[in-house]
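Have a look at the structure below, then the notes.
Residue numbers (UniProt numbering): 1 to 353.
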């Protein structure tokens, strides 16, 4: 006889990396003494990353549990306002084809740093033995607290230029790959797309990107009024990082305005013509990739600190000459938390987990 176990969850919200029109489903409890089956509210149309944990909307919909598919637990479960269940996804690939492609394209004996998105993380670790047996030296780097081999579009490990001959990225698209390329501009990068089964050599316009970002920082230094944007797409915006920038502006007597935006586009910001510089606490890549399209400088939190003289830029001796991609690293600005009670420094950067 089948025994039904009552579920404590009445309404479940679902989020994933795949896009589909958001819908709501409500179920009328059957006329029995059995507890009703949980209803679900798929929420995925504009969700695209680990930070898009929309617990606020889920609560507004009356959900009791939020289920997030295919990403790592970037937002700690003790931060969200409702219970959150992460469903991890592992994607297998044709390892023999990848190995054959590498043997035809890369000389044996080379040292490669093997990285990829979290969906291929198990595959990355499983490939190491086969690659080493084929004569390659393999490094699976880590930027804690992310998993070894995992990279994000804004977070990737800094590698030793003298110890690594090439970077091999496993995954489709370039967004995550560009992060590790920006952070390691001197190391050649390759991408193996497991869907198209193509191994390609990838390049990035480092000089152009850094020149654009440096121009934005220089323009921000003369701005008389700043605007601070907290991203409201899920948990994309960190209010403590916002507070850190706010405090620096107040120390310097710089006036500012604050906005909450789920979508940051040039047309919206152009409506506030008296703001001469913007800082967005949402996704650093928005500024790096699309900042040139905005009429006013659109800085990342790191760039705002450089513009305000809080830290050296990458172009200075203290900056190391490399644009940092450590937003969700252990000490990254994406992990800012409130200082301990009585600490006059206000918000500080510490590990979130």
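Ideal Cβ placement from N, Cα and C applies to all residues, glycine included.
Closest to residue 311 by C-alpha separation, out of 127, 135, 85 and 248, would be which residue? 248
My parser needs the alpha helix (DSSP H) runs of 4 or more residues fully inside the region 161 to 207; what are they? 175 to 183
Which residue marks the beginning of the beta strand (DSSP E) containing residue 303, and which one marks its end? Careful: residue 303 lies outside any beta strand (DSSP E), inside the alpha helix (DSSP H) at 301 to 307.
Whose C-alpha, out of 286, 305 and 265, is nearest the C-alpha of residue 252? 305
For residue 233, name the three-state secondary structure that DSSP assigns. coil
Please go through the region 87 to 126 and give each complete alpha helix (DSSP H) segment of 4 or more residues, from N-terminal end onward. 95 to 105
Residue 268 - DSSP class collapsed to helix/strand/coil: helix
Are there three or more Cβ pairs, one per stretch, closer than 8 Å when the region 170 to 181 is compared with the region 258 to 271? Put simply, the region 170 to 181 does not touch the region 258 to 271. Fewer than three CB pairs are less than 8 Å apart.
Proximity below 9 Å, CB of residue 188 to CB of residue 322: No; because the gap between Cβ atoms is not below 9 Å, this pair is not in contact.
Which of the three DSSP states, helix, strand or coil, is assigned to residue 311? coil
Which partner residues of residue 316 appear in the DSSP bridge assignment? In DSSP, residue 316 forms no bridge with anything.
Extent of the continuous beta strand (DSSP E) to which residue 244 belongs: Taken as a continuous stretch (DSSP letters only), residue 244 belongs to no beta strand (DSSP E), being part of the alpha helix (DSSP H) at 239 to 251.
Based on DSSP bridge pairs, tell me the residues matched to residue 364. The question about residue 364 has no answer, for the chain in this structure spans 1 to 353.
Just to confirm before moving on: does the CB-CB distance between residue 298 and residue 278 stay below 9 Å? It is a contact, given that the beta carbons lie within the stated cut-off.
Inter-residue Cα distance where the pair is residue 270 and residue 289: 19 Å
Excluding five sequence neighbours on each side, which residues of the same chain lie with their C-beta closer than 8 Å to the C-beta of residue 165? Answer for residue 165: 110, 111, 112, 187 and 188, listed in chain order.
Candidates 281, 99 and 331: which alpha carbon is nearest residue 361's? Since the first residue of the chain shown is 1 and the last is 353, residue 361 is not available in this structure.
Please report the residue range of the beta strand (DSSP E) in which residue 261 lies. Segment 256 to 261, the beta strand (DSSP E) holding residue 261.
Buried or exposed by the 16-neighbour rule on C-beta atoms within 10 Å, applied to residue 141: A residue is called buried once 16 or more other Cβ atoms fall within 10 Å of its Cβ, and residue 141 is buried on that count.
To the nearest angstrom, report how far apart residue 334 and residue 203 are at their CA atoms. Per the coordinates, the alpha-carbon of residue 334 lies some 27 Å from the alpha-carbon of residue 203.
Can you tell me whether residue 295 is buried or exposed, with buried defined as 16 or more other CB within 10 angstroms of its CB? exposed
Tell me the DSSP secondary structure of residue 215 in three-state form. helix
Would residue 123 pass as a contact of residue 90 if the rule is Cβ separation under 9 Å? yes
Contact between the region 191 to 201 and the region 209 to 219: three or more CB pairs below 8 Å? Taking a cut-off of 8 Å on C-beta distances, the region 191 to 201 does not touch the region 209 to 219, as fewer than three cross pairs fall below it.
Which residues mark the beginning and the end of the beta strand (DSSP E) in which residue 68 is found? Per DSSP, residue 68 belongs to the beta strand (DSSP E) from 65 to 69.
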